[in-house]
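Residues 1 to 245, numbered by the numbering used here, are exactly what the sequence shown covers, in order.
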Amino acid sequence: MAKIEFLNVTKTRSIDGQMHNVLGDVSVAVQEGTILAIGGPSGAGKSTMLRLINRLESVTSGRILLDGVDIATVDPIELRRKVGMVFQLPSLFPLTVQENLVYGPKLRGVEPSSLETKVREILGMVDLADLSPERMAGELSVGQQQRVAIARTLMNEPEVLLMDEPTSALDPTTAKSILELVCDIRSKYGMTVLFVSHSLEHSRLVGDRFLLIVDGKVIEESDIEAFFGGPSTELGRKFLAGELR
Ligand SMILES: Nc1ncnc2c1ncn2[C@@H]1O[C@H](COP(=O)(O)OP(=O)(O)O)[C@@H](O)[C@H]1O
Ligand SMILES: [Mg+2]
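Next comes the structure, spelled out in C-alpha cells:
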C-alpha cells in the first residue's frame with residue numbers, strides 16, 4: 001500500500017475572479033520510505049499539492065489517502081503530527097531553541113521531563129549538538145534556523161515530511177548540508193518525504209523519484225535517474241532544457 005496516494009485530485013481556485021483548475025485530476029502514489037522530488041514551473045501547483053496533504057487547504061474533488069485512509073476523515077491536528085511540513089523560510093517562534101522544540105509535544109500533554117533527552121537527540125540529528133538549546137531562535141543564522149525548524153518537526157516523529165523549497169533561501173553550502181540531512185533523516189527514520197524544489201540539482205541529489213507537474217497536471221512520475229537520463233515526454237525534455245519557466 002502506498003504511504004500517500006492522490007486519487008483524481010482536483011483543486012479549483014478563484015484567481016482574478018475566474019475559476020481555475022490549480023490541480024486537475026492528479027493521481028500519484030508515493031511509496032513508504034521514498035523521497036519524491038517534485039518539480040515544475042512556478043505556479044504549476046506544487047505548493048498546493050503539499051498544502052492539501054496536511055489539510056491547510058481542502059480538495060475540490062478526489063481523495064488523498066494516508067496509509068489507505070482518506071485524510072478528510074482524519075482529525076487535522078492528528079494529521080499534522082503525522083505529516084510534518086518545512087517551508088522555504090524557517091518560521092520559528094520568538095523563543096529559545098528548546099522552547100521551540102518542546103512547543104508541540106507540550107501542547108499534546110507529553111511529560112516535559114521526558115523531552116530533555118529527546119531535544120538533545122534531535123539536535124544531534126540535525127547537526128546542532130553544539131548549539132545551546134537556551135539560545136534565542138532569532139539570533140541564529142538562517143541555515144541554523146532551518147535546522148531548528150526541521151528539528152521542531154522531527155520532535156513530533158512524523159511519518160511523512162513535506163518540504164516546500166527548503167533550500168531556496170540558503171547559500172549553496174548550507175543548502176547541500178540540508179539536503180544531506182534530509183537523506184540522513186530518511187535513512188534513520190524511514191520517513192516518506194515530498195520535496196518541492198526549483199533546483200534540478202537538489203531534486204536529483206535527494207530524490208528517489210521525480211514528479212513533474214505543469215499547469216496542475218502530472219506530466220511524468222518516474223525513477224529520478226530515468227527522468228534525468230531522458231524524460232519520456234516532450235514537456236519533460238523542455239523542462240530539463242530550462243525552456244519551461
Ligand atoms: N492563496 C492563493 N490565492 C489565490 N491563488 C493562489 C493562492 N496560492 C496560490 N495560488 C495560485 O494557484 C496556482 C498554483 O500555485 P502554487 O501551488 O503556489 O504553485 P507552485 O508552488 O508550483 O509555484 C498559481 O496559479 C497561483 O497563482
Ligand atoms: Mg510553491
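No residue lacks a Cβ here, since even glycine has one placed at the ideal position from N, Cα and C.
Contact between K3 and T48 is absent: CB atoms are separated by about 20 Å, not below the 8 Å threshold. Taking the Cβ atoms as the reference, G236 lies roughly 16 Å from G45, outside the contact range of under 8 Å. For E201, there are no CB contacts under 6 Å within the same chain when 5 residues up- and downstream are skipped. Around the C-beta of G138, fewer than 16 other C-beta atoms lie within 10 Å, and the residue is accordingly described as exposed. One Cα belongs to V119, the other to E243, and the distance between them is close to 45 Å. With at least 16 other beta carbons inside 10 angstroms of its own, V97 counts as buried. Inter-residue distance for M85 and E32 is about 17 Å (C-alpha atoms, whole angstroms). Distance from the CA atom of P112 to the CA atom of S232, rounded to whole angstroms, is 52 Å.
In its chain, beyond the 5 residues on either side, V206 have a beta carbon closer than 7 Å to the beta carbon of C183. L161 is a Cβ neighbour of V193, given a cutoff of 9 Å. Only residues of its own chain outside the window of five on either side were considered, and among them A169 have a CB closer than 7 Å to the CB of L89, listed in chain order.
Counting along the chain, H20 sits inside no alpha helix (DSSP H); it lies in the beta strand (DSSP E) bounded by residues 18 to 30.
Under the DSSP definition of a beta bridge, R186 lacks any partner. When C-alpha distances from S42 are compared across K238, F228, I213, E157, the shortest belongs to I213. For ligand 2, no non-hydrogen atom lies closer than 8 Å to the CB of V26. Taking the Cβ of S199 as the reference point, every heavy atom of ligand 2 lies at 8 Å or farther away.
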